[in-house]
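Under the UniProt record's numbering, the first residue of the sequence shown is numbered 1, with each subsequent residue one higher. Even for Gly, the Cβ is constructed at its ideal location relative to N, Cα and C. Owing to the predicted nature of the structure, the values given are computational and were not obtained by experimental measurement.
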Amino acid sequence: MTRRSEYQLLKPGDLDNHRERSNAKPNRRRARVGWIFLAFLSTIITIFYYFQSHDITTRLPEAPLRNIPSSNISTSSPLYADLKLEQCKSSLPPPAKPPAPVNLWTPLTVAEISHIRAWLEHPDRKLNLTRVSQFYPFSSSSQILSSTNSTAIPSLAHNNIFLIESYPPPKAEALAYLDSEDPYKATPPKRYARVTIHHGAEHPNPMIRDYLVGPIPYIRDGEVRNGGAGNRKEDEEEMTLSHLKDIYHLENGTIPWNARGFLNAVDFNVLWRQTQTPGLVEALEDLFNVSLSSNSTSSKPTLTAGASGPFSFTGSFRRTWLSFRRDLPGAWLHPLNFFQYVDMSGTDPSKWYIRKIVYNWQMFGSVEEFVGAWRDGTLIRTSLPSSPSSSTSSTNWTTRDRLLSNGHPRDLDHLPGPRSVSFAGLRFRVDFATQYISWMSWGFYLSFDRDMGLSLWDVRFVNPNSTTSTRGPKAGGGKRIIYQLTPTEALAQYSGNDPMQTTTAWLDRYFGMGTAVRNLIPYYDCPAEAVFLPATSMTPTGTVKRDRAVCVFESEGGGARPITRHTGWLKGEFGATKGYVLIVRSVSTVGNYDYIFDYTFHLDGTIEVRVSASGYLQGGYWEPKQEGYGGRIRDTTMGNLHDHVINFKVDLDISGTSNSLLETTTAQETVIPPWFDPLEGEEGEEDEWGNEVIQQKITKRIISNESEALLEYPRNFQGGYAIVNQDEKNRWGYPRGYAVHPGYSPVHNTVIGSKRLLHNANWARYNLAVSKRKETEPSSSSMWNMNLPGNPPVDFHKFFDGENITQEDLVVWVNVGTHHLPQAEDSPNTKANVATSSFMLTPLNYFDSDISMESSNAILIDPTTSLPSSSGLGSGSVYAHDDYGVKQDFSCVPEPLKPFEYSDIRMFDLDGREVGVRNENSGGGETGDDDWSKEGVTVKGMRRIAELFHRIDYEF
1 MTRRSEYQLL KPGDLDNHRE RSNAKPNRRR ARVGWIFLAF LSTIITIFYY FQSHDITTRL
61 PEAPLRNIPS SNISTSSPLY ADLKLEQCKS SLPPPAKPPA PVNLWTPLTV AEISHIRAWL
121 EHPDRKLNLT RVSQFYPFSS SSQILSSTNS TAIPSLAHNN IFLIESYPPP KAEALAYLDS
181 EDPYKATPPK RYARVTIHHG AEHPNPMIRD YLVGPIPYIR DGEVRNGGAG NRKEDEEEMT
241 LSHLKDIYHL ENGTIPWNAR GFLNAVDFNV LWRQTQTPGL VEALEDLFNV SLSSNSTSSK
301 PTLTAGASGP FSFTGSFRRT WLSFRRDLPG AWLHPLNFFQ YVDMSGTDPS KWYIRKIVYN
361 WQMFGSVEEF VGAWRDGTLI RTSLPSSPSS STSSTNWTTR DRLLSNGHPR DLDHLPGPRS
421 VSFAGLRFRV DFATQYISWM SWGFYLSFDR DMGLSLWDVR FVNPNSTTST RGPKAGGGKR
481 IIYQLTPTEA LAQYSGNDPM QTTTAWLDRY FGMGTAVRNL IPYYDCPAEA VFLPATSMTP
541 TGTVKRDRAV CVFESEGGGA RPITRHTGWL KGEFGATKGY VLIVRSVSTV GNYDYIFDYT
601 FHLDGTIEVR VSASGYLQGG YWEPKQEGYG GRIRDTTMGN LHDHVINFKV DLDISGTSNS
661 LLETTTAQET VIPPWFDPLE GEEGEEDEWG NEVIQQKITK RIISNESEAL LEYPRNFQGG
721 YAIVNQDEKN RWGYPRGYAV HPGYSPVHNT VIGSKRLLHN ANWARYNLAV SKRKETEPSS
781 SSMWNMNLPG NPPVDFHKFF DGENITQEDL VVWVNVGTHH LPQAEDSPNT KANVATSSFM
841 LTPLNYFDSD ISMESSNAIL IDPTTSLPSS SGLGSGSVYA HDDYGVKQDF SCVPEPLKPF
901 EYSDIRMFDL DGREVGVRNE NSGGGETGDD DWSKEGVTVK GMRRIAELFH RIDYEF
């Protein structure tokens with residue numbers, strides 16, 4: 001399709017044409033033609049020489065000015081009188097000075113992870129460790145499946161490192177350092193790492209354990225750096241290994257082997273090697289019109305499979321249902337009516353097997369039974385179409401290729417849309433070394449981990465009018481409002497009438513929502529002037545670094561909605577304050593779903609936490625038996641009914657750590673005010689209002705017992721909950737506090753009692769809960785909870801044991817989520833504007849008044865004072881105003897944007913050496929088809945690492 005040029009220079013002739021059209025005005029205006037012409041000619045010459053000297057051709061829109069009435073153009077307008085615009089300031093953020101020079105929660109670097117690994121692998125540790133690549137020497141399915149030697153099946157009976165990441169210091173130690181007289185001179189707490197080891201070699205009872213390793217040194221640029229306890233080179237000699245078990249509710253803190261994590265995607269490739277016979281392959285190629293040979297030149301698609309979870313109940317087995325799909329873009333929306341129930345228990349893959357096969361609602365107890373039914377013709381084939389037709393539209397509908405309605409683009413959609421430009425420079429500060437950010441009196445540190453990704457720490461707000469703020473916002477001072485703000489778990493529970501959907505209850509922490517973060521897409525995930533920050537996390541086969549894991553940007557909140565305004569008539573009551581916000585964003589893609597995490601900071605002291613979902617549905621195979629369990633979105637595809645619930649830990653510190661839980665409710669009452677009683681001696685009938693008033697009244701109470709703090713929002717949202725400090729009052733006598741306000745879609749889980757979520761996600765039953773903070777209760781869940789619903793390592797209900805929560809250090813556990821009833825518009829991808837949920841943390845008498853009124857980006861209009869108009873765009877007078885010295889009409893020439901480019905994550909091997917990314921067609925070293933080789937990792941290899949068993953290659 002031929003496209004119009006996106007941009008072109010505004011030509012002098014365009015304004016001449018405009019002038020000529022203006023000459024058609026009535027005779028009373030023709031007397032002014034002469035001086036208007038001279039003014040336009042002068043303007044044209046000015047514009048011409050300005051364009052020549054500034055070379056901004058590519059920044060002007062394609063369409064010239066057209067059909068603008070001449071009455072709307074004034075030669076006295078600054079646009080025409082003075083076009084000498086300066087270059088805008090740099091788009092780099094100004095530096096911030098954090099409250100402390102050390103981010104106590106910073107992730108480990110690649111060098112630090114490799115350093116700890118080498119220390120663990122030393123014979124002195126006596127851990128008998130084996131690297132994954134040594135006992136899983138295969139990097140692709142073709143290598144495994146091409147082997148005819150049964151000894152080629154690798155064993156899991158080895159000890160290997162599953163995870164190495166930083167472990168946060170105890171809160172008391174962190175606060176002692178952060179709140180010291182001068183943190184820049186104080187000694188920070190010692191650093192420790194959490195290490196998870198799969199003890200597969202521990203016969204006859206293999207298991208998993210977590211350890212604390214430390215104190216560990218800081219390593220930057222390959223060197224051990226000094227800087228306080230835990231930073232000295234001597235600490236390498238002091239490092240110790242201890243069992244981390246107090247954070248679990250299991251005996252001895254030991255995780256059952258069958259709840260283990262995935263080491264890489266080869267697990268299922270080994271299963272195929274064991275179970276997929278030539279007869280089964282032949283049957284599948286016939287039934288589904290696919291080609292399963294990895295060397296095939298056929299244009300037919302291959303197959304992929306996706307597993308359901310959980311895999312176990314108490315750890316006595318490891319089993320999953322596999323749902324098969326065509327291997328096409330958006331494979332989750334190309335399901336087939338074919339399922340396998342597989343057993344992958346224990347450490348010996350040679351004993352893994354298929355327990356059941358279900359095809360078209362027919363169940364078979366073995367592969368042989370299924371193949372036999374196919375051969376002898378007793379197999380009942382599906383009556384609905386199961387093969388793509390010759391039309392490309394039958395498969396392309398799941399791609400993200402642009403879809404044109406009736407073949408025509410939307411009007412003016414060929415033009416780039418509006419974008420935000422900070423003409424006077426960015427207004428937030430960043431310290432890249434510590435990942436500390438400050439904006440408009442807010443300040444906080446960022447951190448990142450394998451399980452849940454982005455988290456915020458030591459969130460402070462500086463009230464410039466407060467007498468207790470010892471350091472200003474630029475110097476990182478202010479009162480702490482939140483110690484820790486982090487997601488802790490994400491649930492997705494499905495419904496359906498097939499083996500996959502009925503058995504699926506995901507807890508995404510297991511997969512590593514941090515590991516699932518990839519580089520954000522500039523200009524699309526984040527605006528053009530966003531600042532990007534990196535993050536690093538470890539996998540069993542290496543370390544992943546993302547240069548654009550997080551973006552930070554300022555925006556005009558709510559579609560440029562003011563935060564406060566009023567149109568008034570008296571001096572001092574007419575004006576508005578711009579509602580700017582700062583947004584911190586990260587996106588985690590867990591298999592088919594993309595979770596967009598937004599932390600939004602407001603000028604009034606409010607923080608909004610929002611999660612929006614996009615990506616692909618976990619599609620099911622549609623046929624009439626599925627009615628009631630979702631919505632049909634294609635001939636043989638449906639979106640299945642499911643719930644999303646995401647839990648957040650909010651460790652609020654309101655004027656210190658001594659806080660209480662305040663419940664506020666409203667209820668209807670009937671009262672008889674005395675002013676409705678007849679006056680003494682008053683005659684005549686009473687009016688029709690009577691003497692009763694029906695209204696509502698506020699009731700407040702402090703919830704003192706932890707067991708009463710498993711909460712749902714009040715009916716009709718008549719009231720709410722807040723964390724307050726009863727010992728700290730504002731000017732009006734109320735305890736200072738922060739309220740938890742429901743935002744979009746304040747839901748909790750629908751299904752209660754399912755064995756697949758029996759005890760491992762009790763937090764999802766409520767809107768929020770409040771518990772006494774303990775170091776032994778760092779999270780509402782764990783990466784192992786998904787596969788142990790009958791005996792979870794973290795049982796949330798055990799947090800609530802009747803303890804006093806009055807003036808104690810408290811944690812609020814808040815849920816967001818959606819009840820997702822899929823519809824046609826969920827294809828190809830779910831829309832983030834609809835699938836969104838949020839909560840807000842907002843001041844409750846924390847201040848004495850609205851602090852957003854401090855903002856200078858405001859206007860005060862005086863309707864009692866009139867001034868002559870200076871714009872030339874109209875007649876008469878205008879109201880006087882005060883813009884506090886901030887000119888909203890300030891402009892400059894922005895820096896040119898860089899052309900769009902996207903580069904993906906960076907991979908490092910177990911020794912910390914960077915492994916390049918190569919194209920699958922570029923060759924793979926000695927074997928030619930390895931996902932990993934000395935030449936680098938393929939994109940397909942990275943996909944296997946990222947998607948694990950959400951999309952498993954099924955080819956031979």
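Taking Thr486 as the centre and dropping the five residues before and after it, the same chain places the C-beta of Ser455 and Lys649 closer than 6 angstroms to its C-beta, in chain order.
According to the DSSP assignment, Tyr436 belongs to the beta strand (DSSP E) that extends over Tyr436 to Trp439. Here the C-alpha atom of Arg546 lies approximately 5 angstroms from the C-alpha atom of Pro534. Counting of Cβ neighbours within 10 angstroms places His950 among the buried residues, the total reaching 16 or more.
Ranked by how close their Cα comes to the Cα of Ala667, the residues Pro673, Gln695 and Glu688 have Gln695 in first place. Under the 8 angstroms Cβ criterion, the segment 789-796 counts as touching the segment 745-761, having at least three qualifying pairs. DSSP, reduced to helix, strand and coil, places Val281 within a helical segment of the structure shown. Looking at Leu768, Ser780 and Arg117, the one whose alpha-carbon comes closest to that of Leu507 is Ser780. Counting along the chain, Lys356 sits inside no alpha helix (DSSP H); it lies in the beta strand (DSSP E) bounded by residues Tyr353 to Tyr359.
Counting along the chain, the unbroken alpha helix (DSSP H) around Thr502 starts and ends at Pro499 to Thr502. Only residues of its own chain outside the window of five on either side were considered, and among them Ile563, Gly579, Tyr580, Val581, Thr600 and His602 have a CB closer than 8 angstroms to the CB of Gly557, listed in chain order. Burial check for Trp457: the Cβ neighbour count within 10 Å reaches 16 or more, so the residue is buried. Counting along the chain, Asp376 sits inside the alpha helix (DSSP H) bounded by residues Val367 to Asp376. By the criterion of at least three beta-carbon pairs nearer than 8 angstroms, the segment 425-442 is not in contact with the segment 893-909.
Here DSSP, grouped into helix, strand and coil, assigns Phe676 to helix. Taking a cut-off of 8 angstroms for Cβ pairs, the segment 847-860 and the segment 879-886 touch, as three or more such pairs fall below it. As far as DSSP is concerned, Ile116 takes part in no beta bridge. Taking 8 angstroms as the cut-off, the Cβ atoms of Asp431 and Ala946 do not count as close. Taken through DSSP and simplified to helix, strand or coil, Met239 comes out as coil.
When DSSP reads this structure, Phe900 sits in no beta bridge, so it has no partner. Between the C-alpha atoms of Asn785 and Gln362 there is a straight-line separation of about 32 angstroms. In the assembly as shown, Trp569 is an exposed residue. Its beta-carbon has fewer than 16 other beta-carbons within 10 Å. Pairing Asn258 with Ser350 gives a Cβ-Cβ distance that is not under 8 angstroms. Nearest to Trp813 by alpha-carbon distance, out of Pro828, Leu841, Ala832 and His566, is Leu841. Listed in chain order, the non-local C-beta contacts of Pro168 below 6 angstroms within the same chain comprise Trp105, local neighbours out to five positions each way being set aside. By the Cβ criterion, the segment 759-776 is in contact with the segment 736-750, since at least three pairs of Cβ atoms, one from each stretch, lie closer than 8 angstroms. Taking 8 angstroms as the cut-off, the Cβ atoms of Leu292 and Leu303 count as close. Under the criterion of beta carbons closer than 8 angstroms, Ser838 and Arg610 qualify as touching, at roughly 4 angstroms.
Burial check for Met853: the Cβ neighbour count within 10 Å stays below 16, so the residue is exposed. Leu108 and Ser537 have their C-alpha atoms roughly 8 angstroms apart.
Going by DSSP, Gly941 is part of no beta strand (DSSP E) but of the alpha helix (DSSP H) stretching over Val939 to Glu947. Contact between Asp653 and Asn730 is absent: CB atoms are separated by about 17 angstroms, not below the 8 angstroms threshold. Annotation: Gly639 to His334 spans about 11 angstroms, alpha carbon to alpha carbon.
The Cβ atoms of Pro863 and Phe461 lie no closer than 8 angstroms to each other.
Counting only runs that start and end inside the segment 554-635, the alpha helix (DSSP H) elements of at least 4 residues fall at 557-560. Contact between Gly279 and Val342 is absent: CB atoms are separated by about 18 angstroms, not below the 8 angstroms threshold.
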